[in-house]
Every structure is written in C-alpha cells, then in structure tokens.
Amino acid sequence: MREALIADAQWEAPFVLANARKGAARGDAFYVAGCLFRAVGLLVQGLHAHAGCWVLNEKGAVQAAGQLPPAPADFAARAHALFAMPGMAPDVLSTVLDAADGLTAEVCGRITP
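First residue of the sequence shown? That's 1 in UniProt numbering, and the numbers climb one at a time after it.
If you want it as structure tokens, here you go:
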C-alpha cells in the first residue's frame with residue numbers, strides 16, 4: 001500500500017493539476033478548487049505513506065503531513081494558502097496552480113517508494 005500511495009501522488013497530482021488548467025482558463029474556480037483538493041490530498045497521502053503512517057480522515061491531515069520528515073518545512077502553510085484564492089479570474093487561478101505545481105514537484109521529489 002505504501003508504494004501505491006506514493007506512486008499515486010507522483011503521477012496523479014501533476015496530472016490533476018494539469019487538468020485544472022482547463023478550468024482556470026475558463027475562470028471555473030469550483031473546478032480548480034476540486035482539483036486542488038484532490039492534488040493536495042494525494043500529496044498528504046504520499047507524505048504519510050513515505051513516513052509509514054496512514055491518513056484516516058481529512059481533518060487535520062494537511063497539518064499532520066507538514067510535520068512528517070519528508071515534508072517541506074512550510075508544507076502546511078503553502079498547501080492551505082492554495083485554497084485562499086483571491087478571485088476567479090483566469091490569471092489568478094493560473095497563479096494558484098503555478099504555486100500548486102511547485103509544491104507538488106517539491107513533495108514528489110522528497111517521497112520515494
């Protein structure tokens with residue numbers, strides 16, 4: 001299970017964020033938020049799996065993931081900031097997705113099966 005969760009994070013999180021760009025171009029904040037939730041959830045699961053821990057529910061999961069050894073020092077703050085989108089304009093949504101891509105690349109580079 002550990003390897004599967006890490007592999008899912010490494011391929012699916014970037015894939016989900018790439019799909020979110022279609023919604024961002026249309027100003028579809030709802031779709032982008034859903035994709036962000038999925039991508040961050042995958043990163044949380046991947047970080048926990050790397051550390052040999054398991055996520056039982058979403059409550060507090062981002063904060064818990066941020067305290068795990070492979071997490072970037074500011075993981076929780078950066079992940080939470082993604083959901084504070086300051087608008088629905090395509091350029092705003094694209095900027096949020098740029099930040100999500102950066103966080104995803106950093107986490108995926110730190111977790112290994």
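Ideal placement from N, C-alpha and C gives every residue a C-beta, glycine not left out.
Proximal residues to residue i (C-beta, below 7 Å), its chain only, five neighbours per side dropped
{"i": "W54", "result": "H48"}
Beta-carbon contacts of residue i that lie in its chain and below 8 Å, excluding the five residues immediately before and after
{"i": "L42", "result": "D8, A9, E12, A13 and V16"}
Check whether residue i and residue j have beta carbons under 8 Å apart
{"i": "A51", "j": "P70", "result": "yes"}
{"i": "P90", "j": "A25", "result": "yes"}
{"i": "L93", "j": "G27", "result": "yes"}
{"i": "V62", "j": "A79", "result": "yes"}
{"i": "Q45", "j": "L5", "result": "yes"}
Inter-residue spacing [alpha-carbon to alpha-carbon] between residue i and residue j
{"i": "E3", "j": "V107", "result": "15 Å"}
{"i": "M1", "j": "L56", "result": "14 Å"}
{"i": "V32", "j": "V40", "result": "12 Å"}
Taking one C-beta from the stretch 13-24 and one from the stretch 94-102 each time, how about it: are there three or more such pairs within less than 8 Å?
yes
Restricting to runs no shorter than 4 residues, where is the alpha helix (DSSP H) found entirely within the stretch 22-64?
29-50
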